[in-house]
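S.K.: Residue numbers (the working numbering), protein chains in the order written: chain X, 6 to 333; chain W, 6 to 333. Structure below; questions to follow.
Below, the structure written as structure tokens:
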């Protein structure tokens, strides 16, 4: 008799089932919360596994260290962390791993911590036959609680930047023949590789949100990051907040040299590893924030309805048929 | 040219080198500490990798889940945690893993949390070609700070129990031919398997330490757990505290049916995974604690000298020549 495997049940169902073992279903949000008298603590854990999330061909260990930290702090930011305390690092490495590789990894880790705050609090290293880096990051919950389930109908959907670049950077680094019909200019190539190898975060968002808030009673906002792609981020918000997202295709910012065509739309919307924040705000707040902060783009709105995504321009709805990347 | 690998440099040197990347060398203690206005937080991370730390032949997933939690909480206790807040769980699993395995693992995890406190705060699951379970556990630092570097010359060395049983349980479960010349009785066999598969913790130690403390000024004590074996624990304390341990062989408690012979001494002193606490106390405190708590054994004392271990009975010093198990 065939017994049910993780491959059979798929990633989504796996997450659902694991969630049932947890008292508050925290696996569904970006971070876990540890309640504390003064400062609530945000905790996030992310693992990167060789040949699943990275390989030696596409990223050097220094960049990998940077990226591992950034992907964790991104989750803290998307929960409203006002300060990163630090990280613990758990490594699994084959015995044949060169010390140079480990040293470079730690250099990248410390470089990212220097830039975005936090220290290495501890770690361990085990032997295994496949490299894996598991980082647990700790942040302090700020005044604004950003949560996936806090978007409300009528709110504007915003994002902190352009998507797809990291995916393109990955394709270039993998030397994959991703499209014979386009020739990319040098600027876009180098920008994409940078986005893939050294993604940046935007910690100022929280400050700017507080600056532009007119109603001090609002303490909770809908937010997540686009680490699994822009569509996945919006879908996660829609499902957790039980509302429908309407996107304005024309307003979604793209790099000026981004090629046209279905393939490129896919890279844009499903690419992942962009670490932009995707969130929603009441109209007035959204207006004030976009006026203050030129890196913020309004791309649509939430409305009452079944959790789903639609475009204002109906002809674009075929884009939504593509299934996001699955790990299992 | 051969480049230096982790195998070349060995586990100890690897830990030393990784420690240099951290501001306070926290990798050398059992837990990392997060300072907080009211409650300092203790954080510990431990990874179990298939075929390095466990395999399907020797331990079932339910016991593995139990043990993964216990090994983490043991580190919290050995730092003086007064309460376990919870854990995050990061799994790496091959796509062919049966859902039943994951379910059983979580049942074991929740069983241990029910027994020793704490909830699942969150987690994630990645694909990989080798199973790995990485748990990060959070506890609240109690009044007594237990640290590896706080043993002092003149203090008595104590431990919460008998060693070697877990190693024997592992050998029995592996069906390895560990000694042709002894026949083990049924009681010892079943007790050893239980120690290996469902190790227990002794959270009452902290309470009993507080009860028997006469000098309230003492807030820091030397302590670690024997997860890497009794000798390794004493050596870690001696090195971190810069003093010499003198052990009284006759006082070290053994199971009454524990076989005699060099091999069995090795299993006893180097076995590991016993999760007993090993610590040191001023004479009077040690006396009062052993009187109150019949599970506590005085096994020696610390004195001024180069970090090292010696037996009062010199003929036993040959036991110390054996090299502890290394992962790299």
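Glycine included, every Cβ here is placed at the ideal spot set by N, Cα and C.
1. Are residue 124 of chain X and residue 91 of chain X closer than 8 Å when you measure CB to CB?
2. Less than 8 Å separating the beta-carbons of residue 46 of chain X and residue 121 of chain X?
3. Which residues of chain X have a Cβ atom closer than 7 Å to the Cβ of residue 229 of chain W, listed in chain order?
4. If we cut at 8 Å on Cβ distances, does residue 224 of chain W have a partner in chain X?
5. Could you have a look at residue 152 of chain W and say whether DSSP puts it in helix, strand or coil?
6. Is residue 128 of chain X buried or exposed, if buried means 16 or more other CB atoms sit within 10 Å of its CB?
7. For a contact defined as C-beta to C-beta under 7 Å, what are the partners of residue 100 of chain X on chain W?
8. Is the CB of residue 83 of chain W under 8 Å away from at least one CB in chain X?
9. Looking at residue 142 of chain X and residue 49 of chain X, is the spacing between their C-beta atoms short of 8 Å?
10. Might you give, ordered along the chain, the residues of its own chain that have their beta carbon closer than 7 Å to the beta carbon of residue 139 of chain X, omitting 5 neighbours on each side?
11. Provide the residue span of the beta strand (DSSP E) that contains residue 306 of chain X, from first to last.
12. Opposite residue 88 of chain W in the DSSP bridges: which residues?
13. Determine, for residue 21 of chain W, whether the minimum Cβ-Cβ distance to residues of chain X falls below 8 Å.
14. Measure the C-alpha to C-alpha separation of residue 294 of chain X and residue 273 of chain X and round it to an integer number of angstroms.
15. Beta-carbon of residue 139 of chain W versus every beta-carbon of chain X: anything under 8 Å?
16. Of the residues that make up the region 109 to 130 of chain W, which ones have a beta carbon closer than 9 Å to any beta carbon in chain A?
17. Quick one: which residues of the region 283 to 315 of chain W get their C-beta closer than 7 Å to a C-beta of chain X? List them in chain order.
18. Residues of the region 44 to 57 of chain X in Cβ contact with chain W at a cutoff of 9 Å, in chain order, please.
19. Could you give the distance in angstroms between the alpha-carbon of residue 314 of chain X and the alpha-carbon of residue 232 of chain X?
20. Can you check the region 200 to 230 of chain W for any beta strand (DSSP E) of at least 3 residues that lies completely inside it and give the ranges in chain order?
21. Rounded to the nearest angstrom, how far is the Cβ of residue 82 of chain X from that of residue 208 of chain X, given a contact under 8 Å?
22. Just to confirm the assignment, what range does the beta strand (DSSP E) spanning residue 129 of chain X have?
23. What would DSSP say about residue 83 of chain W, mapped onto helix, strand or coil?
24. How is residue 49 of chain X classed by DSSP in three states: helix, strand or coil?
25. What does the Cβ neighbour count give for residue 270 of chain X, buried or exposed, with the cut at 16 atoms within 10 Å?
26. Considering only the beta carbon of each residue, do residue 151 of chain W and residue 284 of chain W sit closer than 8 Å?
27. Along the chain, where does the beta strand (DSSP E) containing residue 16 of chain X start, and where does it finish?
28. Got a sec? Which residues, its chain only, sit under 6 Å from residue 30 of chain W by beta carbon, not counting five neighbours each side?
29. Compute the distance between the beta-carbons of residue 245 of chain W and residue 153 of chain W, then report whether it is under 8 Å.
30. Helix or strand or just coil, what does DSSP make of residue 334 of chain W?
31. What residues in its chain sit with their C-beta under 6 Å from that of residue 97 of chain X, if we drop five residues either side in the sequence?
32. Report buried or exposed for residue 77 of chain X, applying the criterion of at least 16 other Cβ atoms within 10 angstroms of its Cβ.
33. Could you tell me the alpha carbon to alpha carbon distance between residue 298 of chain X and residue 162 of chain X, rounded to whole angstroms?
34. Going by the DSSP bridge assignment, what does residue 283 of chain X pair with across the sheet?
35. For residue 318 of chain W, I'd like the list of residues in its chain whose CB is within less than 7 Å of its CB, leaving aside the five on either flank, ordered along the chain.
36. Using DSSP with H/G/I as helix, E/B as strand and the rest coil, what is residue 57 of chain X?
M.R.: On the basis of the data shown:
1. yes
2. no
3. In chain order: nothing, as chain X lies at least about 14 Å away.
4. no
5. Here residue 152 of chain W sits in strand by DSSP.
6. buried
7. 10, 11, 12 and 333
8. no
9. yes
10. Around residue 139 of chain X: 50, 52 and 95.
11. 302 to 308
12. W/145
13. no
14. Taking the CA atoms as reference points, residue 294 of chain X sits about 24 Å from residue 273 of chain X.
15. yes
16. In summary, chain A is missing from the structure at hand, where the protein chains are X and W.
17. Cβ contacts with chain X: none found.
18. 44, 46, 48, 49, 50, 51, 52, 53, 54, 55, 56 and 57
19. 18 Å
20. 225 to 230
21. 6 Å
22. 124 to 132
23. coil
24. strand
25. buried
26. yes
27. That residue, residue 16 of chain X, is in no beta strand (DSSP E); its alpha helix (DSSP H) goes 11 to 24.
28. Reliability fails at residue 30 of chain W, whose pLDDT of 47 lies under 50, so the model's placement of it is uncertain and the value that follows must be treated cautiously. Hits under 6 Å: 24.
29. yes
30. Within the shown structure, residues of chain W are numbered from 6 to 333, placing residue 334 of chain W beyond reach of any answer.
31. 131, 133 and 137
32. buried
33. Those two C-alpha atoms are separated by around 15 Å.
34. X/164 and X/229
35. 254
36. coil
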